[in-house]
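Residue numbers (the working numbering): 6 to 1094.
Quick reminder that beta carbons are idealized off the backbone N, C-alpha and C, glycines included.
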């Protein structure tokens, strides 16, 4: 019994000892312990395996009696047998536990190795001035973004930043102030880290440190995970590069600057440094903020009098420098105790002073509205650094920088003036006018997720000048105080959680719905007062593209298509469909030549397209812009403005021709021809216009305007006419001041005529000054078909006497390409353009008389209307890479072209067009199909190891099943999408259509070297035959700018709600975006959760 008791006790002691050993080992190797303290495991992997094997194979830890004297145990008693059985069970349990521990240790070792690799990749390096290949750069590691990702809630954590400058004593102080941080050795660049004790605090403490003298580092390569920003500075500024970076970029975000004077050489050196920084850092930004300066020195007990005198001289000299007092708060001096204390005890008072100064600085920032969250701090620092590297002498404007380069356009004052004039004439009170203007400014100034700058700073920076100009031009008081008051009042509602801004705006609209029912304008979107309207509603109001997207509902299964069922202004019921051009999509354009009765042939081309597409996909859905001239103008108005089926348009045009010429039989006798000639001279036309007017009114309606309600709004339609100069009659409103173009003045907008010089000639665009003067649709058709000698011109108020547009632009392709950049703010040109001709002569006209001056003038007149020559001129302006997407579909006649009024030959021309369409249409239709694709990034590009990793999806504006069906019919051998010359191995057919939302969605992941690198995304139609998708070639910078994606990951300006939510599509894209890990030699892989 004693033996058994002894062995039991020893067994328990051994087990306790083992558990203690294992717990110690586990604590030492825990990911939150040993790695944080920069320690390594007690045993290597090999040692661990040897120990486990010994514990498993040998009876070292079995009970001593069982191991040494198994026969000495008396098993005769029942109690003894039970005890031995219990010991055996304990041994079995111990062996099982050892096996489980072996697996746990293996998993721990794997996790340790993985995290060691990850931590080794994260450096505290932040900024480094560098010289490479004869140029000056700043290498930026985006360390702030890494810290942001480490924090618990970067949207609601508001950090403080302390900058430490010095050498050895600075390093000692950092180790004492932040004992829980693993600080790397001193490096020749600016380092940044976060106090690990404040990671979960509301106000994390960030600290940056660098040497007292920061110099350029010569290198031949860009460090890993660093971004290179070129310094576009004069040579003289490069000598002060470190001072410029510190004083004009870092100190704007710094709360306390801690300078170790002993490392710099004393107080005189500190004073010189502060003076130099103050000279460089004056007017660095729009902030009215000055960082605090704390100077640290050791106490000199041997010469206390000299210390006092030096301090007095130091502060006196600084007070004399006005620049220092403007840039910094009056510096304070901290003396470290000189007793023999530990480093932590010696710097305890310093830490208290630093925390007090950061608290005061944070309070000041909060009062001024410049207390940034970690999310916004990372964004603003990146923006400010880019600004300083580009223009170091210009102040950085935080309010404008928050808008990511999107300025308030010069047209804003015109829209404000238009609103003020319309509401003034309808008896609105100034209070209602100011409140509505302020609510529109609120949406523009404070998009969701943005920083809440003070309303005074925002209004002064962005809106005051525009409001004053608008009030003056509307002959009202130039005082903006009512608008500013309501702007500040509405902003306070945001602070109290009454937002978002759009909800506040909608509440104001609901209160003023009775007032809005009395007003209407065709120049300004009354919802936002920032853009021209594009989509008229039945109630008389009109939406711009952005408001149609925000106040409409995305259509199921469609891309950038919205259903507007109720007017947000007057709350009246509406039911229209609006289509908006996706930000990254290309423009698809169709133009139709003039040619009288020959205009039936372009409709045959369109009819053959419709036949290939099938009934589920309309030709009109594949066109964004449609221009027409003369008979082509009638076809464009019927097919794209009224969106009638192509077959119906063919029948309508044929009926118009037959009915018109049946009412005007040709004179048969010479006397009748003479009388008709005299009448033509007297009435300015061979035919009577009354019958043509009657036919057009019956087809288009008497009262329907050109800029009026459409069944599906979104296609830009224009027809050409000629008054004293070429005129465009349009169903849209031009963007008044697209970037890089000349803004139209108020006089042009008031008269409705906007002249413009361009490469295609000189023309003007007519927009009615008010809805009452909008030209009727039938008059536009009448104006574009008024061929000289056949029909007299028509008078359109505001334009003048209008004749056939074919006199100047018989082929409207050139004028279409020139006008397209004014339709959208992004200034696009047509990515795909289909020009439909009305036939050309098969051989030259034979001359019977000598070519005198009269014939030369006549030939010159005909050449001005030569559609084929106009097409050649257009191709000369197109980039060679894009010419393959510009198609000319035309018929070649065996002899000369039929006359404009050759109604008897319509049937023959139809047959000729049908034969030609079979050969020419498929290639053009392929370009339209591929132009319907567009690519969207699903998340900000990730910068890693010198490259940008991008993930997004290829989408299409057509319905998914219709697209796949037509593309498979035209190109059954289409195999894969191709990036550059690298096949992606992704089929355009298989799994391309989402089974849930029926939209086309193909996730794609790729890498690019830089923001401006050329991206070519194409489809392999046949082996080794590629054709680019819509919107390409492009660059990553263009994609990011168009989609309003913030590269830092900070919420920027809101993107349009492109489509209804689909979890299936999002899941496929997120799966594609997951990082690819290299195969591991372990049986199990590490999972990142």
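Own chain partners of residue i with C-beta closer than 8 Å, once the 5 adjacent residues on each side are dropped
| i | result |
| --- | --- |
| residue 276 | 319, 322 and 323 |
| residue 820 | 632, 725, 731, 733, 765, 766, 768 and 814 |
| residue 392 | 399, 401 and 406 |
| residue 884 | none |
Collapsed DSSP secondary structure at residue i in the structure displayed
| i | result |
| --- | --- |
| residue 302 | strand |
| residue 965 | helix |
| residue 786 | helix |
| residue 135 | strand |
| residue 1068 | helix |
| residue 959 | strand |
| residue 725 | strand |
| residue 551 | helix |
| residue 748 | Note that residue 748 scores 41 on pLDDT, short of 50, meaning its location in the model is unreliable and no value can be drawn from it. |
| residue 249 | helix |
| residue 522 | coil |
Whether residue i touches residue j by CB criterion (8 Å)
| i | j | result |
| --- | --- | --- |
| residue 400 | residue 578 | no |
| residue 968 | residue 929 | no |
| residue 237 | residue 289 | no |
| residue 722 | residue 642 | yes |
| residue 261 | residue 296 | yes |
| residue 436 | residue 506 | no |
| residue 247 | residue 134 | yes |
| residue 267 | residue 174 | yes |
| residue 727 | residue 809 | yes |
| residue 512 | residue 1063 | no |
| residue 637 | residue 607 | yes |
| residue 826 | residue 817 | no |
Distance between residue j and residue i (C-alpha atoms, nearest Å)
| i | j | result |
| --- | --- | --- |
| residue 257 | residue 979 | 55 Å |
| residue 879 | residue 711 | 28 Å |
| residue 772 | residue 932 | 32 Å |
| residue 799 | residue 874 | 29 Å |
| residue 916 | residue 536 | 47 Å |
| residue 389 | residue 1059 | 21 Å |
| residue 219 | residue 227 | 18 Å |
| residue 301 | residue 280 | 18 Å |
| residue 455 | residue 977 | 48 Å |
| residue 307 | residue 216 | 29 Å |
| residue 736 | residue 830 | 17 Å |
| residue 343 | residue 193 | 30 Å |
| residue 315 | residue 272 | 8 Å |
| residue 466 | residue 380 | 23 Å |
| residue 423 | residue 611 | 41 Å |
Chain D within 8 Å of residue i, Cβ atoms only
| i | result |
| --- | --- |
| residue 226 | You won't find chain D in this structure, because it holds only one protein chain. |
7 Å Cβ shell around residue i - same chain, five flanking residues per side excluded
| i | result |
| --- | --- |
| residue 568 | 557, 558, 560 and 582 |
| residue 911 | 602, 605, 659 and 662 |
| residue 1017 | 1040 and 1042 |
| residue 490 | none |
| residue 1079 | none |
| residue 958 | 941, 943, 1006, 1007, 1008, 1009 and 1074 |
Contacts around residue i, its chain only, beta-carbon distance under 6 Å, and the 5 residues preceding and following it disregarded
| i | result |
| --- | --- |
| residue 1075 | none |
| residue 615 | 624 and 651 |
| residue 211 | 164, 166 and 199 |
| residue 983 | 1023, 1025 and 1031 |
| residue 947 | 954 |
| residue 65 | For residue 65, the predicted model reports a pLDDT of 44, less than 50, meaning its position is unreliable; a value from the coordinates is still stated below. So no residue of the chain qualifies. |
| residue 353 | none |
ask   = Can you list the alpha helix (DSSP H) stretches of 4 or more residues lying completely in the region 1003–1066, in chain order?
value = Secondary structure within the region 1003–1066: the alpha helix (DSSP H) runs of 4 or more consecutive residues, fully enclosed, are 1041–1048 (chain order).
ask   = In the region 899–981, which residue ranges form an unbroken beta strand (DSSP E) of at least 3 residues, counting only runs that do not cross its ends?
value = The qualifying runs are 938–942, 947–949 and 952–961.
Residue ranges of each alpha helix (DSSP H) within the region 372–418, 4 or longer = Runs of the alpha helix (DSSP H) inside the region 372–418: 379–395 and 403–406.
query = Can you list, in chain order, the stretches of the beta strand (DSSP E) that have 3 or more residues and sit fully within the region 585–656?
reply = Correct list: 592–597 and 630–633.
ask   = At what residue ranges does the region 138–219 contain a whole run of the beta strand (DSSP E), taking only runs of 3 or more?
value = Fully enclosed beta strand (DSSP E) runs of 3 or longer: 140–145, 165–170, 195–199 and 210–215.
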